[in-house]
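**Q** Under my numbering, the first residue of the sequence shown carries the number 2, and numbering increases by one thereafter.
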Amino acid sequence: MTKIKSDKRLTNAFDLFGKSYAIVRRNLNVYALVYAIPAAMMIAGTIQLIDNSQRDGWNWENTFSSSVWGPNVGSDSSFETASTILAIVLFFGAIISYFLAIILNLRAAQGKAVTLSGVWNELWRGGLWFKLIGLGLMTILILIVGFILLIIPGVILLWRLYLAPYILVDKQTTSMDALSISWNMTKGYAWPIYSIILFSVVLSLPSITPIVGGLISFVLGVAYAAAPALRYQEVKKQL
2 MTKIKSDKRL TNAFDLFGKS YAIVRRNLNV YALVYAIPAA MMIAGTIQLI
52 DNSQRDGWNW ENTFSSSVWG PNVGSDSSFE TASTILAIVL FFGAIISYFL
102 AIILNLRAAQ GKAVTLSGVW NELWRGGLWF KLIGLGLMTI LILIVGFILL
152 IIPGVILLWR LYLAPYILVD KQTTSMDALS ISWNMTKGYA WPIYSIILFS
202 VVLSLPSITP IVGGLISFVL GVAYAAAPAL RYQEVKKQL
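Next comes the structure, spelled out in structure tokens:
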């Protein structure tokens, strides 16, 4: 008999905020360290925006474009002369922070005690970092092809591959196997996954407000960071 999947026991996206916030608060010291580089980049962008406004006068067009697209769009700033080496370091630092965040959110969602050293060691153990890079590149390529062919295939691929990073870390699979398992695992769970994506978009809306908006969105985003991992745990338990 075919097993019918049900999402009755799945927490809605809004209620996941409370659960995610509780996880982040309980492990606040580790989250602060893992998200330090993204936070520094966000703060630097805000300072750049303020610096540009002080030199050239307040320009609402540039201010809002910077809030939505980033601090370098539609504006000139002394920060643009910053070291290329520093920019490269921050870029790779942000990637490493993203990988660490995946591990941190998954282990914290599983109720495990997390430490920065533990998360760091897991990233470099068994070439996990390399697998995550491969997974990211393959996912991006697949999504690009999907959206180029037609919007609908791209939209479907987005949620069918959504859990792949957590599967790779949790099950220690290859990148290809993680994509394959995610494809099968997420069948029938479109809305439970899309609701998280949409709620994340809602939490990012304050960023359109100059200066303080970016900070608010960042804090809300971190508070909701464990939600995808929590959803992965819920779906996994129903299989």
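The beta-carbon is built from N, C-alpha and C at its ideal position, and this holds for glycine as well. On a predicted model such as this, the values are computed, not experimentally measured, just so you know.
#1: Have a look at Ile182, Ile103 and Gly94 and flag the residue whose alpha-carbon is nearest the alpha-carbon of Val120.
#2: Using a Cβ-Cβ cutoff of less than 6 Å, which residues in the same chain neighbour Ala14 once the five nearest sequence positions on both sides are dropped?
#3: Using a 10 Å radius around the Cβ and a threshold of 16 neighbouring Cβ atoms, would you call Asp16 buried or exposed?
#4: Who are the near neighbours of Ala228 in its chain, counting only those whose CB is closer than 6 Å to its CB and skipping five residues on each side?
#5: Quick one: residues in its chain with C-beta nearer than 7 Å to the C-beta of Ala109, no 5 flanking neighbours on either side, listed in chain order?
#6: I think Tyr36 touches Val223, with their Cβ atoms under 8 Å apart; what is that distance to the nearest whole Å?
#7: Buried or exposed: where does Leu124 fall if 16 or more other Cβ atoms within 10 Å of its Cβ makes it buried?
#8: If we call anything under 9 Å between Cβ atoms a contact, is Leu129 one with Val31?
#9: Would you kindly report the start and end of the unbroken alpha helix (DSSP H) that includes Gln239?
#10: Just to confirm, is the Cβ distance from Leu142 to Ala165 under 9 Å?
#11: Leaving aside the five residues before and after Ala40 along the sequence, list all residues of the same chain whose C-beta is less than 6 Å from its C-beta, in chain order.
#12: Taking the beta carbon of Phe219 as the centre, do at least 16 other beta carbons fall within 10 Å, making it buried, or is it exposed?
#13: Going straight from the alpha carbon of Ser98 to that of Pro193, what length do you get?
#14: Among Trp160, Leu159, Leu158 and Ser181, which has the Cα closest to the Cα of Leu169?
#15: Leu91 and Met139 - do their beta-carbons sit closer together than 9 Å?
#16: Tell me the rounded alpha-carbon separation between Leu231 and Asp171.
#17: Please return the same chain residues whose Cβ sits closer than 7 Å to the Cβ of Ala95, not counting the five positions on each side in sequence.
#18: Note down the Cα distance separating Ser205 from Leu105, rounded to an integer number of angstroms.
**A** On the basis of the supplied data:
#1: Per the Cα distances, Ile103.
#2: If we look at Ala14 and ignore the five residues flanking it on each side, its Cβ neighbours are Ser196, Ile197 and Phe200.
#3: In summary, Asp16 is exposed, with fewer than 16 beta-carbon neighbours lying within 10 Å of its beta-carbon over all protein chains present.
#4: Excluding positions up to five away in sequence, the list reads Leu17, Ser21 and Ile197.
#5: Hits under 7 Å: Ile24, Asn28, Val115 and Ala227.
#6: The pair is a contact, with the Cβ atoms about 6 Å apart (cut-off 8 Å).
#7: So Leu124 counts as buried.
#8: No.
#9: First-last of the alpha helix (DSSP H) with Gln239: Ala228 to Gln239.
#10: The answer is no: Cβ separation not under 9 Å.
#11: A distance below 6 Å between beta-carbons, with the five flanking residues on each side excluded, links Ala40 to no residue of its chain.
#12: The residue is buried, with at least 16 neighbouring Cβ atoms inside 10 Å.
#13: Going by the C-alpha atoms only, they are around 26 Å apart.
#14: Of all alpha-carbon atoms in Trp160, Leu159, Leu158 and Ser181, the one lying nearest the alpha-carbon of Leu169 is that of Ser181.
#15: No, these two residues do not count as a Cβ contact at 9 Å.
#16: Whole-angstrom Cα-Cα distance: 13 Å.
#17: Excluding residues within five positions, the ones whose Cβ falls inside 7 Å are Ile38, Pro39 and Met42.
#18: Linking Ser205 to Leu105 through their CA atoms gives a straight-line distance of about 21 Å.
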